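Taking it in order: structure first as structure tokens, then the write-up.
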Amino acid sequence: MRQLCVLVALVVVAYMEYAAWTLQSSSTGVVRFHATDQFAIGGLGVVLGVGIAMLGRSRVDADASGIRIRNLMGSRVLPWAMVRSVRFERKSPWASLLLRNDDEIALFAVQAVDREYAVRAVEGLRALLATAKALEPTPPPLLYPTRE
């Protein structure tokens with residue numbers, strides 16, 4: 807996926823740069839483009855290329871100590887103690903982590919279109935989470951029981 811995103815980004819940048827260099831005037835001669843227009847088109851191509859390349863940036867690494875998530879714009883490192891569950895529902899386009907504070911973090915690197923690879927990845931994450939939960943000490947009993 808990463809190589810495909812980079813390849814598509816390079817094609818977009820190359821096409822936009824070609825359009826910027828060859829854009830001088832229309833065939834009717836009514837519209838005349840200037841250097842600023844060419845620069846803007848070239849810059850737009852670079853911005854589009856970077857955006858497309860960023861789609862392939864997503865990554866998830868996990869071990870016994872926690873999980874490292876790199877999505878489009880940022881990265882997070884979470885210990886397993888912060889994670890309540892690993893979710894991957896049928897209609898969901900990607901997996902997600904449900905945290906103990908009820909936040910949800912999308913895992914763009916584990917997508918439904920990857921089918922068996924995504925299922926194996928989620929099963930592996932769930933196994934690591936179960937192992938980490940088994941190692942957690944049991945909390946002391948509450949003084950006042952909660953009503954459910």
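Mapping of the sequence shown onto this note's numbering: residues 807 to 954, in sequence order. From the three backbone atoms N, C-alpha and C, an ideal C-beta is built for every residue, glycine too. For clarity, every value in this text was computed on a predicted model and none was experimentally measured.
Would you tell me roughly how many angstroms separate the C-alpha atoms of residue 907 and residue 849, rounded to the nearest one? 42 angstroms
Quick one: using the 10 Å Cβ neighbour count with 16 as the cut-off for buried, is residue 819 buried or exposed? buried
What residue from 901, 851, 841 and 852 has the CA that sits closest to residue 865's CA? 901
Measure the alpha-carbon distance for residue 895 versus residue 824 and round it to whole angstroms. 44 angstroms
Closest by CA to residue 890, which one among 873, 878 and 898? 873
Segment limits, alpha helix (DSSP H) that includes residue 936: 922-941
Scan the region 865-890 and note each continuous beta strand (DSSP E) run of 3 residues or more that stays entirely inside, going in chain order. 865-868, 872-876 and 881-885
Inspect the beta-carbon positions of residue 854 and residue 811 and report whether they are closer than 8 angstroms. no
Rounded separation between residue 918 and residue 925 - CA only: 8 angstroms
Residue 837 to residue 815 span [Cα, whole Å]: 29 angstroms
If you run the structure through DSSP and keep just helix, strand and coil, what is residue 863? helix
Under 6 angstroms Cβ to Cβ from residue 912, same chain only, skipping five residues before and after it: list those, please. 900 and 902
Host alpha helix (DSSP H) of residue 912 (start-end): Premise fails: residue 912 lies in the beta strand (DSSP E), 910-917, not in any alpha helix (DSSP H).
Three-state secondary structure (DSSP) at residue 906? coil
Is the Cβ-Cβ distance between residue 793 and residue 847 less than 8 angstroms? Here the chain covers residues 807 to 954 and nothing more, so residue 793 does not appear.
Could you give the distance in angstroms between the alpha-carbon of residue 884 and the alpha-carbon of residue 942? 15 angstroms
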